[in-house]
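In full-length UniProt numbering, the protein residues as written are 1 to 206.
Down below is the structure, laid out as structure tokens.
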């Protein structure tokens with residue numbers, strides 16, 4: 001399911017983050033996309049003010065603190081295979097060597113996230129209890145005018161340009177270690193996007 005020898009562009013500024021190309025092979029991306037359930041299965045998550053961030057998206061949790069949730073088996077074998085692939089010593093070692101985060105075997109979540117037009121996430125660093133986050137993109141093609149880019153940022157202020165903007169397409173993924181400097185955001189998905197923005201998020205806890 002995962003090609004842990006895939007090309008990695010690792011960075012240390014403004015924090016430890018990396019872009020990985022084709023970590024999930026095209027055939028496996030197609031298997032995962034085929035079994036994405038209808039939006040009615042997802043829970044709408046939205047916060048318009050307060051807290052550490054503002055956001056709007058649809059979420060389907062698959063693993064909670066290492067425990068597989070019942071919905072996982074209903075999604076089909078491709079999703080079971082993906083979860084098995086990220087619950088290995090090889091994957092944890094790869095995360096540690098790529099961004100320098102310490103990963104505990106039992107402390108991880110996996111979720112399927114859908115961003116419809118207008119959905120976004122404001123700049124934030126993630127909770128301090130988190131060790132690393134890995135965001136994997138399932139849309140095979142995605143243009144800059146579709147929005148939804150992952151933004152590496154240097155602070156909370158969205159009026160300043162991002163340090164780097166990563167297009168969420170073509171099997172790309174973004175991995176980063178949590179720190180007090182790990183500011184990041186998701187740009188709003190635009191109405192010109194032909195499909196919702198589909199992502200898998202693997203969250204690893206301290």
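Every residue gets a Cβ at the ideal spot worked out from N, C-alpha and C, and that includes glycine.
Looking only at 114, 15 and 178, the smallest Cα-Cα distance to residue 103 is reached by 178. It is roughly 7 Å from the alpha-carbon of residue 196 to the alpha-carbon of residue 117.
By the Cβ criterion, the stretch 132-143 is not in contact with the stretch 55-69, since fewer than three pairs of Cβ atoms, one from each stretch, lie closer than 8 Å. In the DSSP assignment, residue 48 falls outside any beta strand (DSSP E) and carries neither an H nor an E.
For residue 166, the pairing in a beta bridge is given by DSSP as 150.
Per DSSP, the unbroken beta strand (DSSP E) holding residue 205 starts and ends at 197-205. Around the CB of residue 185, 16 or more other CB atoms lie within 10 Å, so the residue is classed as buried. Contact check between the stretch 161-169 and the stretch 89-101: fewer than three CB pairs, one atom from each, fall below 8 Å, which does not count as touching. Rounded to the nearest whole angstrom, the CA to CA distance from residue 89 to residue 199 is 23 Å.
DSSP places residue 93 in the helix class (H, G or I) of the three-state scheme.
In this model, residue 110 and residue 160 are separated by some 31 Å (Cα to Cα). Looking at the DSSP output, residue 109 sits in a beta bridge with 203. When DSSP states are grouped into helix, strand and coil, residue 193 belongs to the coil group. In this structure, the alpha-carbon of residue 10 lies about 7 Å from that of residue 99.
Sixteen is the threshold: since fewer than 16 other Cβ atoms of the shown chains lie within 10 Å of the Cβ of residue 5, the residue is exposed. With 16 or more neighbouring CB atoms inside 10 Å of its own CB, residue 173 falls in the buried class. Looking at 148, 170, 182 and 149, the one whose alpha-carbon comes closest to that of residue 156 is 182.
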